[in-house]
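Protein chains in written order, with the working numbering: chain D, 1 to 183; chain Z, 184 to 524. Yeah, the Cβ is synthetic: ideal placement off N, Cα and C, and Gly gets one too.
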């Protein structure tokens, strides 16, 4: 009998521990995230998608605009995964590189701007929550995440130019570096 | 009798639904607008001009439902936006509102489109020339004759009669649009929390419950400690996770990264991992980001087939090549981060 009681209470304690963790996340994380999401959703709706397309066309010309500025702006404005669609303004050759940079931007900027990638935010929040429960402020982490990301994502995007050239040779395909004129 | 042409209405910025194709017939030849207390919306003129439908002000008169080809509303997401879709009458909402309100289940893409501006309206058959005659003007003319303020009527009724928006009405409409936009933003945000955040939190919380509640945690952390608990472990983890091929398997939904992130956070909270490693952890756990998503992402960028073929391999290679650079950068920039703790 003793054994059964022990087993039952051990069994329940597993779910109680899980529940406590869940409540601490819901009360600690959800309220702020929710307010931020509301604000960001509204700002984006008010600015509109059309304006970002204008920026996108301007940004195709050089690597820094292409792999640092445009993906940052796109991630902020459009979020994951629609930020990736801005690659359509690139010549075919640069599309993989833009993808490489923009998809990283959907993560590294999400510490400060959680609206960018709410469904994959727990990578950041999981770690940040650990800091918060130690009484540390997670803002420096979010800020450094974004700033280091800005540099690292550019490198990742730019490096893809070289890997694309390499794979192109490997597969015997040549991708155009010219921007197709669109109707 | 007027000639009716099919028009195509697409959703605007932040809008939902559509595109709708609206074709008037002898029977269904009216477009009713129930907007801004009777002020004709900006898009009405273009719709009337292109489609040949007869405008009806819903605040002034009503119209038998079987004559309506289209309804224009400016509902912020309560009743009106669901009412006409429920009756299966094509509905344009000039506010960017999605499925909302008590009748949300009737708001479907095939009958409802929102956030519409003039730019979203076009002739369904682009080759058809716009009409020479403007049948709409006759219908509107009688309403525009009376002007000035009439004390015997409510202000909203007078706004309805004056036909075009006064400054006051414009301010009102503008404020209404901002409020509606925020309201929809809040609705989307809550949906995101319920749809994606809470389920994930529940799922990972249960895992953490099992890990901590069973004493498995101590075993587990001794297992992960060498990887998550020091810089070299994280570096190895990041490089291994980004090996081409493996990176694509580990990717979907970032589930594995999110679980590892949550566990690392729990370990930091428990004091078993130094907070100093938080930034390095963020980069190490996510070196393989989006490797599973390359074809879809390139598809979103309207890439050609060859580009996708090259791109999938190319991005996986570049992830692998740059993973250690990213982590080293994170290590360098971690200097001074939570150093005292």
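Distance, Cα to Cα, residue i vs residue j?
i	j	result
residue 378(Z)	residue 118(D)	10 Å
residue 305(Z)	residue 192(Z)	7 Å
residue 422(Z)	residue 470(Z)	7 Å
residue 123(D)	residue 381(Z)	15 Å
residue 291(Z)	residue 406(Z)	51 Å
residue 214(Z)	residue 355(Z)	23 Å
residue 331(Z)	residue 244(Z)	No answer about residue 331(Z) holds up, because its pLDDT of 48 lies below 50 and its placement is not dependable.
residue 108(D)	residue 99(D)	14 Å
residue 10(D)	residue 125(D)	29 Å
residue 19(D)	residue 521(Z)	29 Å
residue 279(Z)	residue 84(D)	23 Å
residue 252(Z)	residue 273(Z)	7 Å
residue 448(Z)	residue 229(Z)	56 Å
residue 431(Z)	residue 170(D)	21 Å
residue 15(D)	residue 286(Z)	38 Å
residue 226(Z)	residue 301(Z)	5 Å
residue 315(Z)	residue 103(D)	Model confidence at residue 315(Z) stands at a pLDDT of 39, short of 50, so the residue's coordinates are unreliable; what they give is reported in the following sentence. One C-alpha to the other measures close to 50 Å.
residue 275(Z)	residue 264(Z)	9 Å
residue 370(Z)	residue 266(Z)	19 Å
residue 488(Z)	residue 428(Z)	20 Å
residue 67(D)	residue 105(D)	9 Å
residue 474(Z)	residue 299(Z)	36 Å
residue 485(Z)	residue 82(D)	12 Å
residue 23(D)	residue 17(D)	10 Å
residue 148(D)	residue 512(Z)	7 Å
residue 501(Z)	residue 73(D)	22 Å
residue 93(D)	residue 145(D)	29 Å
residue 320(Z)	residue 48(D)	Confidence is the limiting factor: at residue 320(Z) the pLDDT is only 41, short of 50, which leaves the residue's position unreliable, though a coordinate-based value still follows. C-alpha separation (whole angstroms): 32 Å.
residue 90(D)	residue 165(D)	16 Å
residue 303(Z)	residue 238(Z)	19 Å
residue 492(Z)	residue 62(D)	24 Å
residue 313(Z)	residue 216(Z)	The predicted position of residue 313(Z) is uncertain, since its pLDDT is 43 and thus under 50; a value taken from the coordinates is nonetheless stated next. Between residue 313(Z) and residue 216(Z), the C-alpha separation is close to 22 Å.
How about residue i: is its C-beta nearer than 9 Å to some C-beta of chain D?
i	result
residue 509(Z)	yes
residue 295(Z)	no
residue 397(Z)	yes
residue 320(Z)	Here the model assigns residue 320(Z) a pLDDT of 41, short of 50, so the residue's position is not dependable, and the following value carries that caveat. So no, residue 320(Z) is outside the interface.
residue 392(Z)	yes
residue 248(Z)	no
residue 530(Z)	In this structure chain Z extends from 184 to 524, so residue 530(Z) is not present and cannot be described.
residue 454(Z)	yes
residue 480(Z)	yes
residue 197(Z)	yes
Find the nearest neighbour of residue i within the set the options, judged by alpha-carbon distance.
i	options	result
residue 152(D)	508(Z), 519(Z), 439(Z) and 303(Z)	508(Z)
residue 136(D)	458(Z), 472(Z) and 468(Z)	458(Z)
residue 27(D)	489(Z), 384(Z), 269(Z) and 294(Z)	384(Z)
residue 56(D)	70(D), 47(D) and 45(D)	70(D)
residue 131(D)	492(Z), 265(Z), 504(Z) and 455(Z)	455(Z)
residue 76(D)	160(D), 115(D) and 141(D)	115(D)
residue 373(Z)	21(D), 33(D) and 4(D)	33(D)
residue 268(Z)	296(Z), 246(Z) and 250(Z)	296(Z)
residue 65(D)	145(D), 87(D) and 78(D)	87(D)
residue 411(Z)	393(Z), 444(Z) and 196(Z)	444(Z)
residue 420(Z)	510(Z), 366(Z) and 483(Z)	510(Z)
residue 45(D)	248(Z), 363(Z) and 493(Z)	363(Z)
residue 218(Z)	240(Z), 246(Z) and 481(Z)	240(Z)
residue 195(Z)	38(D), 29(D), 51(D) and 39(D)	51(D)
Taking Cβ positions only, does residue i come closer than 9 Å to chain Z?
i	result
residue 76(D)	no
residue 102(D)	yes
residue 164(D)	yes
residue 39(D)	yes
residue 88(D)	yes
residue 68(D)	no
residue 25(D)	yes
residue 21(D)	yes
residue 133(D)	yes
residue 57(D)	no
residue 116(D)	no
residue 73(D)	no
residue 63(D)	no
residue 95(D)	yes
Given the structure, does residue i come close to the ligand ATP, in the sense that its CB is under 8 Å from one of the ligand's heavy atoms?
i	result
residue 350(Z)	What this structure holds is no ligand at all, so the ligand ATP is not there to describe.
Handout entry: Positions along the segment 459-471 of chain Z whose CB lies within less than 8 Å of some CB in chain D
Key = 461, 462, 464, 465, 466, 468 and 469
Counting Cβ pairs closer than 8 Å, one from the segment 196-206 of chain Z and one from the segment 171-178 of chain D, do we hit at least three? no
Requested in this report: Note down, in chain order, all residues in the segment 214-238 of chain Z with a beta-carbon under 9 Å from any beta-carbon belonging to chain D.
Outcome: none
Notebook entry, point to check: Are the segment 452-468 of chain Z and the segment 409-420 of chain Z touching by the rule of at least three beta carbon pairs closer than 8 Å?
Noted result: yes
Count Cβ pairs between the segment 139-159 of chain D and the segment 490-497 of chain Z that sit closer than 8 Å; are there 3 or more? no
Residues, ordered as in the chain, of the segment 489-501 of chain Z that lie near chain D by beta-carbon distance below 7 Å: 489, 490, 492, 493, 494, 496, 497, 498, 500 and 501
Exercise. Looking at chain Z, which residues of the segment 141-152 of chain D have a Cβ within less than 9 Å of any of its Cβ atoms?
Worked result: 141, 144, 145, 147, 148, 149, 151 and 152
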